[in-house]
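There are 2 protein chains.
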Amino acid sequence: MVTLSEENYLKAIYHLGKQGKEAVSTNAIAEHIESKASSVTDMIKKLATKNLANYIKYQGVSLTEEGRLAAALVIRKHRLWEVFLVNKLNFSWDEVHDIAEQLEHVKSLQLVNKLDAFLEYPTHDPHGDPIPDKDGNYSPIKSINILEIDTGKEGTLSFVKDSSDVFLRYLNKNNLALGDTIKVLDFEPFDNSLTIETTTKKMIISKEVAQNLYLSV
Amino acid sequence: MVTLSEENYLKAIYHLGKQGKEAVSTNAIAEHIESKASSVTDMIKKLATKNLANYIKYQGVSLTEEGRLAAALVIRKHRLWEVFLVNKLNFSWDEVHDIAEQLEHVKSLQLVNKLDAFLEYPTHDPHGDPIPDKDGNYSPIKSINILEIDTGKEGTLSFVKDSSDVFLRYLNKNNLALGDTIKVLDFEPFDNSLTIETTTKKMIISKEVAQNLYLSV
DNA sequence: AGTAATTTTTAGTCTTGTCTAAAAATATTT
DNA sequence: AAATATTTTTAGACAAGACTAAAAATTACT
Ligand SMILES: [Mn+2]
Ligand SMILES: [Mn+2]
Ligand SMILES: [Mn+2]
Ligand SMILES: [Mn+2]
Chain D
28 MVTLSEENYL KAIYHLGKQG KEAVSTNAIA EHIESKASSV TDMIKKLATK
78 NLANYIKYQG VSLTEEGRLA AALVIRKHRL WEVFLVNKLN FSWDEVHDIA
128 EQLEHVKSLQ LVNKLDAFLE YPTHDPHGDP IPDKDGNYSP IKSINILEID
178 TGKEGTLSFV KDSSDVFLRY LNKNNLALGD TIKVLDFEPF DNSLTIETTT
228 KKMIISKEVA QNLYLSV
Chain W
28 MVTLSEENYL KAIYHLGKQG KEAVSTNAIA EHIESKASSV TDMIKKLATK
78 NLANYIKYQG VSLTEEGRLA AALVIRKHRL WEVFLVNKLN FSWDEVHDIA
128 EQLEHVKSLQ LVNKLDAFLE YPTHDPHGDP IPDKDGNYSP IKSINILEID
178 TGKEGTLSFV KDSSDVFLRY LNKNNLALGD TIKVLDFEPF DNSLTIETTT
228 KKMIISKEVA QNLYLSV
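Order-wise, the sequence lines are chains D and W.
Per the working numbering, the first sequence starts with residue 28, numbered consecutively.
Per the working numbering, the second sequence starts with residue 28, numbered consecutively.
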């Protein structure tokens, strides 16, 4: 059995080291889950004895195949629940993360799969993050950062890297949502800001904002 | 903040003493939640200091108004999730309890209320149990046990007292479901069994079964 | 290479929730 | 009313998960 706390560590390792494949430092995990390095050491030892993680003292952790699958399942649940909350319960995309953090720990494979079917097998969550399938796989994101797009070209907003409520609310306020068509009008070298145009308006976005917007072209 | 464990104790006290209004014994709680009396004593002390329970040593526990409301909220969540699982995800009524035991602890008032709306404000869960409203109230059950019904009279199956999977599967096997019209044909004094008739068949049910079937007439 | 800074681990403590065994209180019999 | 049985509480221990402070290992710098 994988406990709630273990699941959170698995997720952290998964996210920090490319799907848990590369070694992650104790400190990085501690920072990510807002705990202390000593707590992390304790837990990764536990994950290692449970064969969920590969751990060599002082050399970081990565996930075993079993650990990777367990982590992907938690992420799958998290993202499916986010879809449910937004599409079925009419939550806004900036309100769902904390609730999904709780729902992702509910244990029932039948539940996940029935939820998946009920939602008609979504491939992405409300923030554009891909939803792993039952085997933990998903097709790599093909969207590119808006700063890589040539002036004059356009694309569809399909993924936001930062899905904190602060950033999402910035997007809400400025009427930017997933699925919007965005054209890059101008790049300003002085501060790396961009002038963009949507179907309804023209606006300037800062470098910080631009770094978090990904379009599919 | 009310922890998961506290919530389970609140529910137990609520269920064992008429909505937590009358005092419940330590042993009764221990048996109900499958733990030990000493653990119960510890927890009810904690509930008392948190003003959720009224506790006098050696004299059992009841719930304060605050405790009663907290318990009702957990039960509300449990039953709403059961409705969701059966009505939306197509689970069978004998499969939902354990999953609802997990979902009932998810903390978000917004979630409960949006779920309630999504389900179109159901008044009863898949086993006929009433769903408390936001204030913890529900109209008393007006259904009566099938053994109280006069021979020749009929009613609609609207509540099953035992909602263990074993019993529910017995009902499944015999094609008895909530909403079915059932007529009482005969009462057998020797073993208290009943001969009943549904729209599709005639059958004999034991006293044990009869005690758990409630009809509205 | 040798010292300093940083990271990681260990050692020991704490909280929550649980348990067993023993003591205390209450309830039931005789 | 005393003796016995049952229930409840207390005392002490344990596991999980987290923390602080100190020690050990690694990395960075001169
Ligand atoms: Mn999220
Ligand atoms: Mn997301
Ligand atoms: Mn139930
Ligand atoms: Mn129920």
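All C-beta atoms, glycine included, are put in the ideal place defined by N, C-alpha and C.
Nothing here was measured: the structure is a model prediction, and the numbers come from that model.
Starting from GLU224 of chain D, follow its DSSP beta bridges and name the residues at the other end.
One-based indexing of the first sequence puts residue 224 of chain D at position 197. Beta-bridge annotation (DSSP): GLU224 of chain D is paired with D:LYS210, D:LYS229.
Report the option in D:GLY163, D:LEU195, D:LYS45, D:LYS234 whose CA atom is closest to the CA atom of GLU93 of chain D.
Counted from its first residue, the first sequence places residue 93 of chain D at position 66. Nearest C-alpha to GLU93 of chain D among D:GLY163, D:LEU195, D:LYS45, D:LYS234: D:GLY163.
Using the Cβ count rule (16 or more neighbours within 10 Å means buried), how would you classify ASN117 of chain W?
Start at 1 with the first residue of the second sequence, and residue 117 of chain W comes out as number 90. Classification of ASN117 of chain W: exposed, given that the 10 Å Cβ count is below 16.
Give a single yes or no on whether ALA127 of chain D has its beta carbon closer than 8 angstroms to a heavy atom of ligand 2.
For the purposes of this step, residue 127 of chain D is taken as residue 100 along the first sequence, with counting starting at 1. For ALA127 of chain D, the shortest separation between its Cβ and any heavy atom of ligand 2 lies below 8 angstroms.
On a Cα-Cα basis, can you pick out the residue from W:ALA75, W:LEU136, W:ASN54, W:LEU74 that is closest to SER65 of chain W?
If you number the second sequence from 1, residue 65 of chain W lands on position 38. If we check each option's Cα against that of SER65 of chain W, W:ASN54 comes out closest.
At a cut-off of 8 angstroms, would you count PRO159 of chain W as near ligand 4, judging by its Cβ distance to the nearest heavy atom?
Counted from its first residue, the second sequence places residue 159 of chain W at position 132. No, ligand 4 has no heavy atom inside 8 angstroms of this Cβ.
With C-beta atoms as the reference, is ASP207 of chain W less than 9 angstroms away from THR183 of chain W?
Looking up residue 207 of chain W in the second sequence gives position 180. Looking up residue 183 of chain W in the second sequence gives position 156. For ASP207 of chain W and THR183 of chain W, yes; Cβs fall inside 9 angstroms.
Decide yes or no for the touch test of the stretch 136-145 of chain W against the stretch 186-193 of chain W: beta carbon pairs closer than 8 angstroms, at least 3 of them.
As far as the Cβ criterion goes, the stretch 136-145 of chain W does not touch the stretch 186-193 of chain W, which means the pair count is below three.
Using 9 angstroms as the limit for Cβ to Cβ distance, is ASP125 of chain D near chain W?
Here residue 125 of chain D refers to the residue found at position 98 when the first sequence is read from its first residue. Yes, because at least one Cβ of chain W sits closer than 9 angstroms to the Cβ of ASP125 of chain D.
Given a cut-off of 9 angstroms on the beta-carbon distance, is the pair PRO167 of chain W and ARG106 of chain W in contact?
As a position in the second sequence, residue 167 of chain W is number 140, starting the count at 1. As a position in the second sequence, residue 106 of chain W is number 79, starting the count at 1. Cβ distance not < 9 angstroms, so PRO167 of chain W and ARG106 of chain W don't count as in contact.
The beta strand (DSSP E) that contains GLY182 of chain D, what's its start and end?
On the first sequence, residue 182 of chain D is found 155 positions in, with the first residue counted as 1. From DSSP, the beta strand (DSSP E) with GLY182 of chain D extends over 181-187.
Beta-carbon proximity check, ILE88 of chain W vs ASN78 of chain W, cutoff 9 angstroms
Position 61 of the second sequence holds residue 88 of chain W. Position 51 of the second sequence holds residue 78 of chain W. For clarity, residue 88 of chain W is Val in the given sequence; the question names Ile instead. Their beta carbons are not under 9 angstroms apart, which means VAL88 of chain W does not touch ASN78 of chain W by this criterion.
Does ASN199 of chain W have its Cβ less than 9 angstroms from a Cβ in chain D?
As a first step, residue 199 of chain W is located in the second sequence; it is residue number 172 there, counting from the start. Not closer than 9 angstroms to any Cβ of chain D, the Cβ of ASN199 of chain W fails to qualify, so no.
Reduced DSSP category for SER243 of chain D - H, G, I as helix; E, B as strand; rest coil:
What you label residue 243 of chain D is simply residue 216 of the first sequence in a count that begins at 1. Under the three-state reduction of DSSP output, SER243 of chain D falls in the strand class.
Provide the residue span of the alpha helix (DSSP H) that contains LEU37 of chain W, from first to last.
Taking the first residue of the second sequence as position 1, residue 37 of chain W is located at position 10. Following the DSSP letters along the chain, one finds LEU37 of chain W inside the alpha helix (DSSP H) bounded by residues 31-43.
ARG106 of chain W: CB within 8 angstroms of a non-hydrogen atom of ligand 2:
To locate residue 106 of chain W, count along the second sequence from 1; it is residue 79. For ligand 2, not one heavy atom lies less than 8 angstroms from the Cβ of ARG106 of chain W.
Does the Cβ of ASP207 of chain D lie closer than 8 angstroms to at least one heavy atom of ligand 2?
Here residue 207 of chain D refers to the residue found at position 180 when the first sequence is read from its first residue. Outside the cutoff, so no.
Beta-carbon contacts of ASN219 of chain W that lie in its chain and below 6 angstroms, excluding the five residues immediately before and after:
Mapped onto the second sequence, residue 219 of chain W falls at position 192. Within the same chain, ASN219 of chain W has close Cβ partners LYS234.
Bridge-paired residues (DSSP) for SER65 of chain D
Walking along the first sequence from the start, residue 65 of chain D turns up at place 38. By DSSP's assignment, SER65 of chain D forms no beta bridge with any residue.
Are at least three pairs of beta-carbons, each pair with one atom in the stretch 127-139 of chain W and one in the stretch 117-136 of chain D, less than 8 angstroms apart?
Between the stretch 127-139 of chain W and the stretch 117-136 of chain D there are three or more inter-stretch CB-CB distances shorter than 8 angstroms, so the stretches are counted as touching.
Looking at the C-beta of GLU122 of chain D, does it have a partner C-beta in chain W at a distance below 9 angstroms?
Translated into positions along the first sequence, residue 122 of chain D becomes position 95. For GLU122 of chain D, the answer is yes, since a Cβ of chain W falls inside 9 angstroms of its Cβ.
Please report whether the beta-carbon of LEU130 of chain D lies at a distance below 9 angstroms from any beta-carbon of chain W.
Position 103 of the first sequence, counted from the first residue, corresponds to residue 130 of chain D. Residue-level contact by beta carbon holds for LEU130 of chain D and chain W, with a gap shorter than 9 angstroms.
Rounded to whole angstroms, what is the Cα-Cα separation between VAL113 of chain W and LYS115 of chain D?
For the purposes of this step, residue 113 of chain W is identified with residue 86 of the second sequence, where counting begins at 1. For the purposes of this step, residue 115 of chain D is identified with residue 88 of the first sequence, where counting begins at 1. Distance between the alpha carbons of VAL113 of chain W and LYS115 of chain D is about 16 angstroms.
Within 9 angstroms, strictly: CB atoms of ILE171 of chain W and SER243 of chain W:
In the second sequence, residue 171 of chain W corresponds to position 144, counting from 1. In the second sequence, residue 243 of chain W corresponds to position 216, counting from 1. Cβ distance < 9 angstroms, so ILE171 of chain W and SER243 of chain W count as in contact.
Neighbour-count burial assignment, LEU100 of chain W, 16 or more Cβ in a 10 Å radius
As a first step, residue 100 of chain W must be located in the second sequence, where it is residue number 73. Under the 10 Å beta carbon count, LEU100 of chain W is surrounded by 16 or more other beta carbons and is classified as buried.
So does PRO167 of chain W have its beta carbon nearer than 8 angstroms to some heavy atom of ligand 2?
One-based indexing of the second sequence puts residue 167 of chain W at position 140. Checking every heavy atom of ligand 2 against the Cβ of PRO167 of chain W, none is found closer than 8 angstroms.
Taking Cβ positions only, does VAL29 of chain W come closer than 9 angstroms to chain D?
Position 2 of the second sequence, counting from 1, holds the residue named residue 29 of chain W. With 9 angstroms as the cut-off, VAL29 of chain W does not count as an interface residue toward chain D.
So what does DSSP say about TYR165 of chain W, is it helix, strand or coil?
On the second sequence, position 138 is the one that residue 165 of chain W refers to. In the structure shown, the three-state DSSP call for TYR165 of chain W is coil.
Quick check: is the beta carbon of ALA144 of chain D nearer than 9 angstroms to any beta carbon in chain W?
What you label residue 144 of chain D is simply residue 117 of the first sequence in a count that begins at 1. Put simply, the CB of ALA144 of chain D is near chain W, with a gap under 9 angstroms to one of its CB atoms.
Within the present structure, is the beta-carbon of ASP152 of chain D separated from the nearest heavy atom of ligand 2 by less than 8 angstroms?
On the first sequence, position 125 is the one that residue 152 of chain D refers to. Checking every heavy atom of ligand 2 against the Cβ of ASP152 of chain D, one is found closer than 8 angstroms.
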